[in-house]
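Asks: Quick note on numbering: numbering that gives the first Met the number 0 labels position 161 of the sequence shown as 160, and the sequence is numbered without any gaps.
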Amino acid sequence: MASLNVGNLGEYLREQRRAAQLSLRQLADATGVSNPYLSQIERGLRKPSADVLQQVAKALRISAETLYVRAGILDEREREELETRAVILADPSINERQKNVLLQIYDSFRRENGFAPGPDADGKADADRADADAEAAAGGDAGSRNGDGAGADATEDHDPRS
0 MASLNVGNLG EYLREQRRAA QLSLRQLADA TGVSNPYLSQ IERGLRKPSA
50 DVLQQVAKAL RISAETLYVR AGILDERERE ELETRAVILA DPSINERQKN
100 VLLQIYDSFR RENGFAPGPD ADGKADADRA DADAEAAAGG DAGSRNGDGA
150 GADATEDHDP RS
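1) Mapping DSSP to helix, strand and coil, what is N7?
2) Please state if the CB of T30 and the CB of A162 are separated by a distance shorter than 9 angstroms.
3) Return the CA-CA distance between I72 and L102, expressed in angstroms with no decimal places.
4) Is the beta carbon of Y11 less than 9 angstroms from the beta carbon of R76?
5) Which word fits E95, buried or exposed, when buried means at least 16 other C-beta atoms lie within 10 angstroms of its C-beta?
6) Is it a yes or a no for the region 6-25 touching the region 33-47, going by three-plus beta-carbon pairs under 8 angstroms?
7) In this structure, how does DSSP classify A115 when only helix, strand and coil are distinguished?
8) In or out: A49 buried (at least 16 other Cβ within 10 Å) or exposed?
9) Could you check what DSSP says for R20 in three-state terms: helix, strand or coil?
10) Starting from P91, trace the alpha helix (DSSP H) both ways and give me its first and last residue.
11) Between L37 and L26, how many whole angstroms is the CB-CB distance? I'm expecting something under 8 angstroms.
12) When the Cα atoms are used, what is the spatial distance from Q39 to R78?
13) Drop a sphere of 10 angstroms on the beta-carbon of N112, count the other beta-carbons inside from all chains shown, and report buried for 16 or more, exposed for fewer.
In structure tokens form, the structure reads like this:
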């Protein structure tokens, strides 16, 4: 069987498996993927699906996105974007609204720099809403930054010029 062009995925998987001190059989048991199939992946004879790569990544405790890049399923820039989003979403020190605003601002900057934005944190891609929210958040909305939830409406009520 001829070797497929899947980068150095097989070599990388073998290195990671050995570093985790797992035999091929142990990895097969941990992933639910057959021993012969894993062997063929390691030797570059088979190109695994994203689902198989995710199972292997979980068993080896490594990033599935790294495996996707090595397998040619995901572009390196896409991986970096996914990791940036994952870090924002996993941060326990900010609330869900703040996470959404950060992701919207991130998308706005990506669009400004010529990159396609990803989906909003809730899975909906609504570029107009993201732009409006990001501009409002970045435009001096002190009320929402201070966490009182009142936003720009509260600052307008206390404007000494009115």
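Ideal placement from N, C-alpha and C gives every residue a C-beta, glycine not left out.
Replies: Judging by the given coordinates:
1) strand
2) Nothing about residue 162 can be read from this structure; the chain reaches only from 0 to 161.
3) Going by the C-alpha atoms only, they are around 24 angstroms apart.
4) no
5) exposed
6) yes
7) Coil, per DSSP.
8) Burial call: exposed.
9) At residue 20 the sequence reads Gln, which differs from the Arg that was named. Coil.
10) Note, P91: premise wrong, no alpha helix (DSSP H); not H, not E.
11) Right, their Cβ atoms sit about 6 angstroms apart.
12) So the two alpha carbons sit approximately 25 angstroms from each other.
13) exposed
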